[in-house]
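Reviewing the structure listed below.
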Amino acid sequence: MPEADTQTIRRVYASLRLIRRFEEEVARIYPEDKIKSPVHLSIGQESVAVGVCDALNKDDLAGGTYRGHATYIAKGGDINGLMAELYGKDTGCTRGKGGSMHLCDIQNNVVGSSAVVGTTVPIALGYALALKREGKGRVIASFMGDGATEEGVFHESLNFAALKRLPVVFVLENNFFAIHTPIARRQAVPDAICERVQTYGIPAYRVTDADVFKIRNIMMDALPKMRRGEYGPIFIECHTYRWREHVGPANDYDSGYRSTDDLKPWVDNDQIPRVAAMLDPDERAAIDAQVEKDVAAAIAFAEKSPFPAAKELYTHVYA
Amino acid sequence: MSTLKTATKPAPDAAGNTGGRVLRYVDALKEAVEQEMERDDKVFVMGLDVDDHKALQGSTRGLLQKFGPDRIFTTPLAEDAMTGAAIGAAMAGLRPIHVHIRMDFLMLSMNQLINMAAKAHYMYGGNIKVPLVVRSIIGKSWGQGPQHSQGLYSTFMHFPGLKVVAPSNAHDAKGCMLSAIRDDNPVMFVEHRLLYPTEAYVPEEQFELPPGKSRVVMPGDDVTLVGISNMLVECLRGRELLADAGVSAEIIDPIWLSPLDTDTIVKSVKKTRRLIVVDNGWTMCGAGAEIAARVAEALGPEGKFQVERMGFAPTICPTSPSIEDQFYPNPARIAQAAHKMVRPKAGEWTPDPERAVLAYQRQFRGPF
Ligand SMILES: Cc1ncc(C[n+]2csc(CCOP(=O)(O)OP(=O)(O)O)c2C)c(N)n1
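Residue numbers (numbering that gives the first Met the number 0), protein chains in the order written: chain A, 0 to 318; chain B, 0 to 367.
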C-alpha cells in the first residue's frame, strides 16, 4: 500500500486523470486536422511524470522531451495554453511557434522541451548550476526516453553533474522502444542502465512496475538531501509503456513490432484505476467531473483563440 | 563506369522525357540503392530505423528482406559515434550509406563529417578515401517546426572535401544516388519529404548523374529561375503562373550543389539578364548567395543583370500553419517576384489564386 495520505492520493489521481483525458481528447480531435502538428502521446506513461512532479515544489523546475504533454501537465503547466499550442494558436504556450514538441510554461516552471533526442539533458545541467548558485535548495527534474541514454551527451552530462554535485533529478521514462526499435536491439546490456549510471557516482533507482507512489517516495526521500546539498544528482529509471503509436493518435499493434500481449500487463497495471480505487467513489466522481470540465474548457479556449498574426513570424528571433 | 549511360535528357515530366517508367521519388531512391547493393557487396545501409516496418518513410522498403541484417541495420541513438563508424568503414574500403530521417540531426554529426570525412583524403596525403554517402531528409509542413525543417546543405557546401547533391525529382534521385555511391568522396545526399510522392520517368537500368552539369528544365527568355530541391517544383509552378501573364521563365536545376556547375546558369542569364535563385534554406550565406555571386563574377563588368534571392524567411520555422505558410517561397510569390523584375512598371500583379494553390502539398497529411 502507498505511503501517501488522502490529500496526496487525491492530487495524484487528479493529475493522472487529467493527463489521460487531455491526451485522449487530443487523439479524438486529431483526425479532424485541427491539430496540424506531430503529437507524441504519453497515454499509459502518466505515472512517471506524476510520481516525479507531485513530489516537486512549485518553484522547482521540470523539462523534457517531445513526448512532453505529461510532464507539462504534471508540473502544473497551463492546459489552455497547451491545447491552444497544439492548435497552432496565438494563445498557445509558445504562441504557435513551437507546437507539441517544444512546450514550455515558465510561470509554472516548465522549462522547454526539445525534438532532438538528448538535447535537453545538458541544458538541465546549466539550470542546475544556476539553482545551486542561488542557494535556495531548488532542483530540476530532467525527463528523457531510453533512446537518449545512448547519446554521448547523456554520458558527458552525467559525469559533469556528478562532478559538480548538481541538483538534477534525471528521470528516465523507459518504455523499451525508440520509435519501433526495441532497446535490446540498441543496447548490448539494456537492463543495466542504472548500474552504468552508478559508476559515475550517481545514486540510481529503478522502478519496474510504474507504481506512481513508489516513484514519488523515491523523490520524497531524496529531495530533502538534495536541497541540503547532501546529495548531488540522482537518477530514476521508471519502466513504463507507450500504449499508442510513436507519433500520432492511433494504435499500432497490427504493424508487427509488438503485440497486444505485450500491452496487456501494462493495462492490467494501469495506475489510473488503481489510484481511483483508493478514493471514495463520490470524491472520485467529483474529480472526474472537474477534469472533464477543464479539458472541455481547454478545447473551447483553443478553438476560439485566433491564429498568430502574420507579423508573429518575425517576433522573438532575437531577444 | 563506362558501361553506364549518363543521363543527358531532362528528367521531369514537364520536360517531356519519357524514358523508363513512372516512379515515385521514394521508390527511385530505393531502386538505386538496391541495384548498387546487388552489384557491390561493399555497399551497406545504416541509420536509425532503416530496417523497421515503416522503412524510413518507405525509402528502404524491402532491403532488409533482400540483403539481410548485416547489410542494412538500425543503430543506437548516437549520431556522433555512428558517423565516425561510417567514416571508418568507408576508410576501410566499405561503401556505407548512413541515413538520417531529418537533416536537422546532422548537427550531431558535424565534428566527424567536417573534421574527419571532409579532410581525411587530403590530410592523409591521398592515402585514404572516404566513399561515404550521408542521406538526410528535409521536412516541411504539418508542424515540423524549428528542429525538423531545416535545409542545411549550404553549410556543407562551405567545406572542400565534401560533395553535396539535392535532386528535385525521381529520375535524378536515382541517377545521383548511383553516382554518389560510386564516388570515392563523402557525399551529402539531400532529400525533401514533400518530394517523396512526386513521380517522374525513371529508366529501369542503372545510369549515372555525376556532378558537372546543371540542367535547363524548361526554356524561357525573360527571366532565369534557379530552384533548389523542392523549390525547383515550386519554380515550375511559378512558371505556369507567369505564362498566364505572358512572361517566359527559364527554369534551371543545379542538381549538384558542390561541385556546382554555374556555366549553364551564366549562359541563361546572358540571355535573360534576370536571375532569381529560389533556395530551400535561408538566403544569408546560402546556396542562392553563392550562385548569384558566381554568376556576377562570371559575367564581369559588361554583364549587367538583375538578381534576387528567395528562400526561407529570415526567422525560425514556426509550427502554426497560419504563419508557417509565410515562411516559405511558394509559386505565387516566386511568380510575383519574377513579374516585378520583368515588368517593373506594370504595377502590382497577383496570379490567379485558384491556379496558385499548392495541390501536391495539400495532399500531405501528418504526422510525418
Ligand atoms: C538526435 C536525434 N536523432 C534521431 C531522432 C529521431 N527520433 C525521434 S524520436 C526517436 C526515438 C526516441 O526514443 P526514446 O528516447 O526512447 O523516447 P520515446 O519516443 O520512446 O519517448 C528518434 C530516434 C531525433 N529526434 N533526434
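Glycine included, each C-beta is placed from N, C-alpha and C at the ideal position.
Rounded straight-line distance, which links the Cα of residue j to that of residue i
i, j, result
"residue 359 of chain B", "residue 23 of chain B", "Unreliable placement is indicated for residue 359 of chain B, whose pLDDT of 47 sits below 50; no coordinate value is reported for it."
"residue 137 of chain B", "residue 185 of chain B", "19 angstroms"
"residue 114 of chain A", "residue 255 of chain B", "30 angstroms"
"residue 79 of chain B", "residue 3 of chain A", "44 angstroms"
"residue 367 of chain B", "residue 228 of chain A", "Its pLDDT being 45, under 50, residue 367 of chain B is placed unreliably in this model, and the value from its coordinates should be taken loosely. Using only the alpha carbons, I get a separation of about 45 angstroms."
"residue 110 of chain A", "residue 298 of chain A", "23 angstroms"
"residue 269 of chain A", "residue 15 of chain A", "10 angstroms"
"residue 217 of chain B", "residue 315 of chain A", "40 angstroms"
"residue 162 of chain B", "residue 187 of chain B", "6 angstroms"
"residue 146 of chain B", "residue 279 of chain A", "46 angstroms"
"residue 94 of chain B", "residue 100 of chain B", "20 angstroms"
"residue 30 of chain A", "residue 97 of chain A", "21 angstroms"
"residue 227 of chain B", "residue 253 of chain B", "7 angstroms"
"residue 295 of chain A", "residue 87 of chain A", "18 angstroms"
"residue 362 of chain B", "residue 140 of chain B", "Reliability of the predicted coordinates at residue 362 of chain B is poor, the pLDDT of 45 falling under 50, and the value obtained from them is presented with this limitation in mind. Taking the straight line from one Cα to the other gives about 11 angstroms."
"residue 237 of chain B", "residue 273 of chain B", "15 angstroms"
"residue 12 of chain A", "residue 315 of chain B", "39 angstroms"
"residue 157 of chain B", "residue 284 of chain B", "9 angstroms"
"residue 6 of chain A", "residue 212 of chain A", "13 angstroms"
"residue 120 of chain A", "residue 42 of chain A", "23 angstroms"
"residue 188 of chain A", "residue 161 of chain A", "23 angstroms"
"residue 303 of chain B", "residue 129 of chain A", "57 angstroms"
"residue 127 of chain B", "residue 84 of chain B", "15 angstroms"
"residue 205 of chain B", "residue 31 of chain B", "7 angstroms"
"residue 303 of chain A", "residue 320 of chain B", "16 angstroms"
"residue 42 of chain B", "residue 130 of chain B", "10 angstroms"
"residue 58 of chain A", "residue 301 of chain A", "27 angstroms"
Limits of the unbroken beta strand (DSSP E) element including residue i
i, result
"residue 274 of chain B", "273-281"
"residue 204 of chain A", "203-206"
"residue 199 of chain B", "198-201"
"residue 46 of chain B", "42-46"
"residue 95 of chain B", "94-99"
"residue 233 of chain B", "Note, residue 233 of chain B: premise wrong, no beta strand (DSSP E); alpha helix (DSSP H) at 229-243."
"residue 226 of chain B", "222-226"
Residue i: contacting residues in chain B (beta-carbon distance under 7 angstroms)
i, result
"residue 180 of chain A", "48, 51, 73"
"residue 154 of chain A", "Near residue 154 of chain A there are no residues of chain B at all, since even the closest Cβ is about 10 angstroms away, more than 7 angstroms."
Residues that residue i contacts on chain B, provided the C-beta gap is smaller than 8 angstroms
i, result
"residue 316 of chain A", "313, 314, 315"
"residue 147 of chain A", "76"
"residue 185 of chain A", "73, 74, 75, 76"
Continuous alpha helix (DSSP H) stretch holding residue i: start and end
i, result
"residue 179 of chain A", "Where residue 179 of chain A is concerned, there is no enclosing alpha helix (DSSP H), given that its DSSP letter is neither H nor E."
"residue 262 of chain A", "259-267"
"residue 316 of chain B", "First-last for residue 316 of chain B: undefined, no H or E at that position."
"residue 37 of chain B", "24-38"
"residue 126 of chain A", "119-133"
"residue 82 of chain B", "78-90"
"residue 349 of chain B", "First-last for residue 349 of chain B: undefined, no H or E at that position."
Which listed residue (the options) has its alpha carbon closest to that of residue i
i, options, result
"residue 298 of chain B", "B/340, B/281, B/270", "B/270"
"residue 327 of chain B", "B/336, B/319, B/312", "B/312"
"residue 275 of chain B", "B/152, B/338, B/240", "B/338"
"residue 306 of chain A", "B/322, B/295, B/307", "B/322"
"residue 356 of chain B", "B/18, B/341, B/233", "B/233"
"residue 78 of chain A", "A/168, A/293, A/311", "A/293"
"residue 291 of chain A", "A/19, A/117, A/10", "A/19"
"residue 170 of chain B", "B/46, B/25, B/325, B/128", "B/25"
"residue 194 of chain A", "A/154, A/33, A/80", "A/154"
"residue 75 of chain B", "B/41, B/88, B/160, B/49", "B/49"
Beta-bridge pairing of residue i - partner residues as DSSP gives them
i, result
"residue 141 of chain A", "A/62, A/169"
"residue 190 of chain B", "B/136"
"residue 237 of chain A", "A/172, A/206"
"residue 252 of chain B", "B/214"
"residue 309 of chain B", "B/277"
"residue 341 of chain B", "Residue 341 of chain B is not bridged to any residue."
"residue 162 of chain B", "B/186"
"residue 20 of chain B", "B/201"
Ligand 3 heavy atom lying under 6 angstroms from the CB of residue i
i, result
"residue 104 of chain B", "The ligand content of the structure shown is limited to ligand 1, which means ligand 3 is not among them."
Within chain A, partners of residue i - CB distance below 8 angstroms
i, result
"residue 43 of chain B", "Chain A residues near residue 43 of chain B: none, gap ~17 angstroms exceeds 8 angstroms."
"residue 104 of chain B", "115"
"residue 54 of chain B", "Chain A residues near residue 54 of chain B: none, gap ~10 angstroms exceeds 8 angstroms."
Neighbouring residues, chain A, relative to residue i (Cβ below 9 angstroms)
i, result
"residue 326 of chain B", "312"
"residue 255 of chain B", "None at all; the shortest Cβ gap to chain A is about 28 angstroms."
Within chain B, partners of residue i - CB distance below 9 angstroms
i, result
"residue 234 of chain A", "None at all; the shortest Cβ gap to chain B is about 18 angstroms."
Partners in chain A for residue i, counting only beta-carbon separations shorter than 7 angstroms
i, result
"residue 318 of chain B", "36, 87, 95, 96, 97, 98"
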